[in-house]
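Following this line, the structure appears as structure tokens:
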């Protein structure tokens, strides 16, 4: 009899240590990623209780959120950041956890580093004290963000309690039009299903649109699952997944890789797999998409006007009105032409090599508008190194973009990279929340890296399809 | 075993807005710390700076322990600093239309009661608090009700989280540790921990 379980339920069952009478699962965690913001208090809990890290070889740390991207000399000028850096160094040393620090050469945003190193593999359960852990689902793993108490639990036991979510299959079929990227696909899905639409669900992304995507594009999609309310989103492993993992430092090697491949591919949801819900979209309905508001669902296709409140459901009007007021935009106006002050290319959503290549292709031969500050922040030291080997940094610098060190940077502005006052930022990151980019009144427009590059050059939001460098 | 939390009583504070994310509850600059101590005073810091009428600044709501919130409360970042800051401000229970999952899980770990009510009932509770901020609320996990003076509304909560609070078994770390032998045995069955030979 065929196994009608979807990938999520196969992987969940495999990792179930026990089920409590209240139906909570004690789930074994295959990979625990650590960073400097959500771990110090967790290590302190272990210290208080006299506990050790149970599975040090399943635990790996890096530093990303507070890392300065311009001057990385120690001690950091921000003494609080320096204190956090010292804390993770001391904690990892004392508890025997591998730390990929600034001197290592492999440091970067935890969700870029995991896949890059081959740590992230199909069939694993992966957690990190960071909501964008959903990124790792691109490999067909169950990957979820957790809080600091959970980090302590996983450090001490390699397990945690979770309620099993339902699984919704989100099908997108068809080819993406030129100028439409993975970022636009996930922004479109969130726009249609809402920021709370995925609460209680894991998302399986399926269909020919995702099949055609590269692993990096799939990571962009899964990364933003949490912005649609789904703690976890995944794509079934296929030949592209296997090819990506082949030869990576932490990937299985030799005969073991072959055995692993067979197992990985066997986990994919079958044609007759069962789901709790299904939603279908057409790729041809998706155009370059830009957020205009203060939640990732408040977006429009670039050719569309902002909503008109009287045409929206009554229950939504307060929030939409709050968003329009904060953003200084009027109902019904186009998003196209919105002036920007800052352009940010980077983040765990869009800070990988393919993102930088595409942004550089757009930027090549142009100049950043005189009133715009534009920065490019690679997702990891290895992405940075690769980009420099390809000469991308020279293209960016010639166009007037600043070329920075690796980290989270202006996605959440815990480091010195911040908006000032009411600046408007075209950003390839994942959140347009009020104050997200470091200024309480700063404003964020989320879009693809190509759209950010074009906006930087024009000084305003433009349609990448009319920018003249879209390849059919 | 932790303290059994069967109910929370106290005055309420209304903040009936939707999609309140954890960046708003505690802005990222306050995450530059290695302890959660002192976060209470910065709850909703940026919203308070921009809204002179923010409930968290109003004298009549000081000392409240029950927060009335809207849909998808606590969405976004996984930062436990968010419920920590609310808890340290004085919040012991949150009644909302719905919660983001990571935030809800963090509340469970901290012993913060997080229950769901209908929009209509939340508006009723909010109006009662606004008209008389000294109104005593009781969030009762055994009867799954919230009372405020003469008003009583039904609320919902995941059984697992409710049981843990009511029985005092929300020290999840202790429970997880108690199954250490089972964990070791289970790890031996997972393919990628065993050379993909299982």
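Chains as they are written, first to last, in the numbering used here: chain A, 5 to 476; chain B, 5 to 202.
Note that beta-carbon positions come from the ideal geometry of N, C-alpha and C, so glycine has one too.
Counting along the chain, residue 127 of chain B sits inside the alpha helix (DSSP H) bounded by residues 123 to 135. Taking a beta-carbon distance threshold of 8 Å, residue 76 of chain A does not count as an interface residue toward chain B.
Below the 9 Å Cβ cutoff, chain A contributes no neighbours of residue 132 of chain B, its closest Cβ being approximately 20 Å away. Taking the beta carbon of residue 110 of chain B as reference, the chain A residues within 9 Å of it are 150, 151, 152, 153 and 154, listed in sequence order. As far as DSSP is concerned, residue 114 of chain B takes part in no beta bridge. Counting C-beta atoms within 10 angstroms of its own C-beta, residue 354 of chain A has 16 or more neighbours from the protein chains shown and is therefore classed as buried.
Assignment of beta strand (DSSP E) within the segment 125 to 192 of chain A, counting only whole runs of 3 or more residues, yields 129 to 132, 146 to 149, 163 to 166 and 170 to 177 in chain order.
DSSP places residue 120 of chain B within a strand segment (E or B) once states are collapsed to three. Beta-carbon to beta-carbon, residue 238 of chain A and residue 145 of chain A are separated by about 7 Å, close enough to satisfy the 8 Å threshold. Here residue 51 of chain B is buried. Its C-beta has 16 or more other C-beta atoms within 10 Å.
When secondary structure is reduced to three states using DSSP, residue 158 of chain B falls in the strand class. With respect to the 8 Å criterion, residue 227 of chain A and residue 299 of chain A are not classified as neighbours on the basis of their beta carbons. Secondary structure of residue 286 of chain A (DSSP, three-state): strand. Taking 8 Å as the CB threshold, residue 199 of chain A lines the interface with chain B. Taking each of A/409, A/198, A/289 and A/412 in turn and checking the Cα distance to residue 75 of chain B, the smallest one comes out for A/198. For the segment 116 to 129 of chain B, residues whose beta-carbon sits nearer than 8 Å to a beta-carbon of chain A comprise 123.
Proximity to residue 23 of chain A across B/187, B/128 and B/60 peaks at B/187, based on C-alpha coordinates.
A check of alpha carbon separations from residue 133 of chain B across B/42, B/72 and B/27 identifies B/72 as the nearest.
Taking 8 Å as the cut-off, the beta carbon of residue 158 of chain A is found no closer than this to the beta carbon of residue 384 of chain A. Of all alpha-carbon atoms in B/174, B/181, B/24 and B/129, the one lying nearest the alpha-carbon of residue 10 of chain B is that of B/174. Residue 108 of chain B is a Cβ neighbour of residue 118 of chain B, given a cutoff of 8 Å. Taking residue 202 of chain B as reference, the option from A/260, A/211, A/177 and A/217 with the minimal CA-CA separation is A/260.
Against chain B, the beta carbon of residue 164 of chain A has neighbours under 8 Å at 176 and 180, listed in chain order.
The secondary-structure analysis by DSSP pairs residue 210 of chain A across a beta bridge with A/175. If you look at residue 256 of chain A, you'll find it isn't in any alpha helix (DSSP H); DSSP assigns it neither H nor E. Bridge pairing for residue 237 of chain A: A/207 [DSSP].
Under the 8 Å Cβ criterion, the segment 356 to 374 of chain A does not count as touching the segment 76 to 89 of chain A, having fewer than three qualifying pairs. Excluding residues up to 5 positions away in sequence, 297, 298 and 302 lie with their Cβ nearer than 6 Å to the Cβ of residue 327 of chain A in the same chain. Residue 343 of chain A is classed as exposed because its beta carbon has fewer than 16 other beta carbons within 10 Å across all chains shown. Taking a contact to require three or more Cβ pairs closer than 8 Å, the segment 241 to 249 of chain A and the segment 205 to 220 of chain A qualify as touching. Here the alpha carbon of residue 41 of chain B sits roughly 43 Å from the alpha carbon of residue 404 of chain A. In the three-state reduction of the DSSP assignment, residue 35 of chain A falls in the strand class, which pools E and B. Within a 10 Å sphere around the beta-carbon of residue 392 of chain A sit fewer than 16 other beta-carbons, which makes this residue exposed. According to the DSSP secondary-structure assignment, residue 144 of chain B is paired through a beta bridge with B/11 and B/149.
For residue 466 of chain A, the closest C-alpha among the options A/347, A/394 and A/357 is that of A/347. Not flagged as an interface residue toward chain B: residue 397 of chain A, since no C-beta distance is shorter than 8 Å.
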